[in-house]
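>
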Amino acid sequence: MNHGQNLRDLLAPLGVYRWEGSFQWGELQSEGEALDGAARQLARIQREMNLSTAEAEGLTGLLALLGREGMEGSPEELRQTAAALLRIGGDSFTLAAMNDTIRGCGIPAQVEETGDPLRVVVSFPGVVGIPADFSWAKTRIEEILPCHLRVEYRFADQN
């Protein structure tokens, strides 16, 4: 994108400017460079303000607003986490919604109901024993699940 040339093309039909050997072409080039820089900044801002395209400060800022500052992962993983957290609403406390949010945050866990309406069981399908990042996963799971629920963790036997 060259705004200097665009400005020249817009003014050329007027026929009142001498382009070659004059300060006018240099001035238009200088103004065009400033407009090019502004266009680049606007494109970056537009990219960062959309969750599906954010890669840097837009994504980290949104995660910070959601209480997940300092999360590690690829931009795509972080976008999925933010999208999962943004889906939490008044009807997000169904079993399916809780599992969707936990999986969307990159935690390989599954929430199951028990006979007690105030207790759930969290397991880690496909993982034998306690997962390597269990303390991190436990913190995140308990932030996602409703605070009035008692959470029990079950781990697959190593046999």
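Here my numbering is used: the first residue of the sequence shown is 2, the next is one more, and so on.
Don't be surprised by glycine CBs; every beta carbon is placed ideally from N, CA and C.
Considering only the beta carbon of each residue, do Leu52 and Ala83 sit closer than 7 Å?
Yes, they are a contact pair.
> Which residue comes first and which comes last in the alpha helix (DSSP H) that contains Ala84?
Taken as a continuous stretch (DSSP letters only), the alpha helix (DSSP H) holding Ala84 covers 76-87.
> From Glu32 to Leu12, what does the alpha carbon distance come to, in whole angstroms?
When rounded, the distance between both Cα atoms is 14 Å.
> Taking only runs of the alpha helix (DSSP H) that begin and end inside the segment 79-158, which ones reach a length of at least 4 residues, in chain order?
Complete alpha helix (DSSP H) runs here, min 4: 96-105, 135-145.
> Using 8 Å as the cut-off, can you tell me whether the segment 63-78 makes contact with the segment 119-135, which would need three or more C-beta pairs spanning the two stretches below that distance?
The answer is no - the segment 119-135 does not touch the segment 63-78, with fewer than three Cβ pairs under 8 Å.
> Terminal residues of the continuous alpha helix (DSSP H) containing Trp26?
It spans 24-49 - the alpha helix (DSSP H) in which Trp26 sits, taken as one unbroken run.
> Just how far apart, CA to CA, sit Glu78 and Pro126?
Cα to Cα, Glu78 sits roughly 20 Å from Pro126.
> Ignore the nearest five residues each way along the sequence and tell me which others in Gly5's own chain have a CB closer than 6 Å to its CB.
Same-chain partners within the cutoff: Leu29, Gln30, Gly33.
> Which whole-angstrom value describes the C-beta separation of Phe156 and Gly130, a residue pair presumed to lie in contact below a C-beta threshold of 8 Å?
Confirmed, Cβ separation roughly 6 Å.
> Measuring CA to CA, which of Arg151, Gly74, Asp158, Trp26 is closest to Gly116?
If we check each option's Cα against that of Gly116, Arg151 comes out closest.
> Which class does Asn9 belong to by DSSP, given the choice of helix, strand or coil?
What sits at residue 9 in the sequence shown is Arg, not Asn. Correct three-state label for Arg9: helix.
> Count the other CB atoms, across all protein chains shown, that sit within 10 Å of the CB of Gly22; report buried if there are 16 or more and exposed otherwise.
It is exposed - the Cβ of Gly22 has fewer than 16 other Cβ atoms within 10 Å.
> In chain order, what residues of the same chain have a beta carbon less than 6 Å from the beta carbon of Gln81, not counting five sequence neighbours either side?
Contacts found: Gly105.
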